[in-house]
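What follows is a short report on a single structure.
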Amino acid sequence: MIEELVGKIFTSITNNDNEILFTCGNGDQYKMYHDQNCCEDVYIDDVCGDLEDLIGSQILKASEDSNHDMPSVTANRILGHSTIYQQ
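Okay, so the sequence shown: first residue is 53 according to the working numbering, each after it adds one.
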């Protein structure tokens with residue numbers, strides 16, 4: 053759980069395809085991004101729902117998830133990392 057975001061209310065959200073900037077009414081900003089390593093291809097794959105729905109609503113849960121511990125099914129395993137915010 054990302055405790056720092058719980059209870060926050062976003063006033064604007066900007067999606068730039070490789071990062072998302074969340075801004076609160078008091079001016080605090082939070083950036084969701086990933087520093088790419090030399091052999092990675094990092095991007096925002098999917099947003100469930102409409103980001104605009106998070107504006108003006110209190111964040112009740114914020115968490116990160118990863119499939120790094122899952123067993124490899126093929127030689128070309130795709131690793132994933134997810135960050136989830138819920139209102």
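Glycine is no exception: its CB is placed at the ideal position from the N, C-alpha and C atoms. Predicted model only: the values in this text are computed from it and were never measured.
Option nearest residue i by Cα separation, candidates the options
{"i": "Asp98", "options": "Asp80, Ile111 and Asp69", "result": "Asp69"}
{"i": "Thr63", "options": "His86, Asn78 and Asp102", "result": "Asn78"}
{"i": "Asp147", "options": "Cys76, Thr75 and Glu71", "result": "Past the boundaries of the shown model lies residue 147; the chain is included only from 53 to 139, so the question cannot be answered."}
{"i": "Lys83", "options": "Phe74, Cys90, Asp102 and Asn89", "result": "Phe74"}
{"i": "Leu106", "options": "Ile54, Ile61 and Glu55", "result": "Ile61"}
{"i": "Thr66", "options": "Gln81, Ser115 and Gln110", "result": "Gln81"}
Buried versus exposed, by CB contacts within 10 Å (16 or more), residue i
{"i": "Leu57", "result": "buried"}
{"i": "Thr126", "result": "Only weak support is given to the placement of Thr126: the predicted model assigns it a pLDDT of 49, under 50, and the value that follows is read from those uncertain coordinates. Per the 10 Å Cβ criterion, exposed."}
DSSP beta-bridge partners of residue i
{"i": "Asn89", "result": "Partner(s): none; Asn89 has no beta bridge."}
{"i": "Ile107", "result": "Phe62"}
Under the three-state DSSP convention, the category residue i falls into
{"i": "Pro73", "result": "For the sequence presented, residue 73 should be read as Leu rather than Pro. If DSSP states are grouped into helix, strand and coil, Leu73 belongs with the strands."}
{"i": "Phe62", "result": "strand"}
is_contact[residue i, chain C] using C-beta, thresh 8 Å
{"i": "Lys113", "result": "Absent from the structure: chain C. Only one protein chain is present."}
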